[in-house]
Each structure stands twice: as structure tokens, then as C-alpha cells.
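In my numbering, the protein residues as written are 271 to 468.
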């Protein structure tokens, strides 16, 4: 697909040149396991799926909030990232293209993340059908409010901070899940390569 780069999340990719503002703004594999177990226990399936996707794809929170089912290929276990949620004048939320060409990419998913996405789709289908929406619309948001609109960009921050505070977990930001993803890749042993996050 022209203009969109393809790579596997289980591979190793280049890391950007920007210095980290907070060196420990990520979870190691044990911390991530604990977080996801608690997220599955305490959060709604929507938000558990959301944070699982961030951790295993390095997606930006704004990219995930703009995500639709048309972006998911269950047969090939991949997702296409080609849009992001932005806030314009007057706090108007809009969907646009990523800031850079390298941000448009295709990511292959691990089997468990695919299964979690599939499970969430079935649950969302039941809910949306019950309130009068057509869940089979390919442009249906994967992560939508009860009125089937985009969540505010601040919403994931609140969800994350509430879980961290409740269980006294290590504090990271939503952006920290991008660093978590790269940390897991680097720990696979190919430390000479850089982690590409788009």
C-alpha cells in the first residue's frame, strides 16, 4: 500500500532521536502483565482492549481513538494506522491524517491481541444493536462513547490514572505504553536495532 509502511510488532524497529523526558516512563514485561490483569478485572472490556492495543502496537492514544473496524484485518492479523484524532479551534474534535508520512503504517498483531479485539467486537455489536446503531458499519469506531462518538483525548489519561492510583501501580503516562512496546522488543535481544513506532 503506497505511503504506508508495514512491519511486525514482534520485530525490532528504529527508535526516534528524541531524548526521553522520563527514562522510566514504561512498564517492563512483569509490570505490564500485572497492569493488564488488573485492567481486565477493573476496566470495561472497551478500555481493557484499548490499553492492550496500545501496549502491543505502540499506537498513539489519538490513533487508537480514531480507529475503526475497517482498519482491522482479522484474517491476516493486522491493523492499518492511517488517521488520528485531533482537536481544532473551539475544541472541535476531528479525524485527520497523521502528522508525518512515517506515521502511516501497517502493524501485524499477536494472536492474543487479535482474540481480544474479536471478543470486544462481538460485545460491541450486541450493545450497539440494542441502542439502534448498525454495528456492521465498517466505519464504526472501535472505541466509542455510549452515544457512538469519539472519546475526548483526555479520557484515556483519566482511566489510566484511576487504575494506577487504585492499585498503587508504577505511574506512567498513556504515551508510556509506546515506550513499553519498544522496551519489550529490545528485550528480545536485538539491541543494536532501533524501535520504530511510526
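Glycine included, every Cβ here is placed at the ideal spot set by N, Cα and C.
- By the C-beta criterion, the stretch 295-303 is judged not to be in contact with the stretch 334-348, since fewer than 3 inter-stretch pairs fall below 8 Å.
- Contact annotation: the stretch 357-372 does not touch the stretch 432-446, with fewer than three C-beta pairs closer than 8 Å.
- Between residue 402 and the set 319, 425, 351, 417, the nearest pair of CA atoms involves 417.
- For residue 434, the uninterrupted alpha helix (DSSP H) segment begins and ends at 425-437.
- Rounded to whole angstroms, the gap between the alpha carbons of residue 294 and residue 448 is 12 Å.
- Residue environment analysis places residue 451 among the buried positions, since at least 16 neighbouring C-beta atoms fall within 10 angstroms of its C-beta.
- For the pair of segments examined, the stretch 385-405 was found to touch the stretch 315-328: the number of CB pairs separated by less than 8 Å reaches three.
- One Cα belongs to residue 425, the other to residue 443, and the distance between them is close to 12 Å.
- Residue burial annotation: residue 382 is exposed, with fewer than 16 other C-beta atoms found within 10 angstroms of its C-beta.
- Residues of the same chain with a CB within less than 8 Å of the CB of residue 343, apart from the 5 flanking positions on each side, are 349, 350 in chain order.
- Between residue 331 and residue 423, the beta carbon gap of about 7 Å places them in contact (Cβ cut-off 8 Å).
- For residue 366, the uninterrupted beta strand (DSSP E) run begins and ends at 363-366, by DSSP.
- The secondary-structure analysis by DSSP pairs residue 348 across a beta bridge with 343, 378.
- Separation of residue 352 and residue 411 (C-alpha to C-alpha, rounded to the nearest whole angstrom) is 14 Å.
- The three-state secondary structure of residue 354, taken from DSSP, is strand.
- Distance between residue 362 and residue 399, taken at the CA atoms: about 28 Å.
- In summary, residue 354 is buried, with 16 or more beta-carbon neighbours lying within 10 Å of its beta-carbon over all protein chains present.
- Annotated three-state conformation of residue 406 is coil, per DSSP.
- Around the beta carbon of residue 419, fewer than 16 other beta carbons lie within 10 angstroms, which makes this residue exposed.
- In the displayed model, residue 443 falls within coil according to three-state DSSP, outside both helix and strand.
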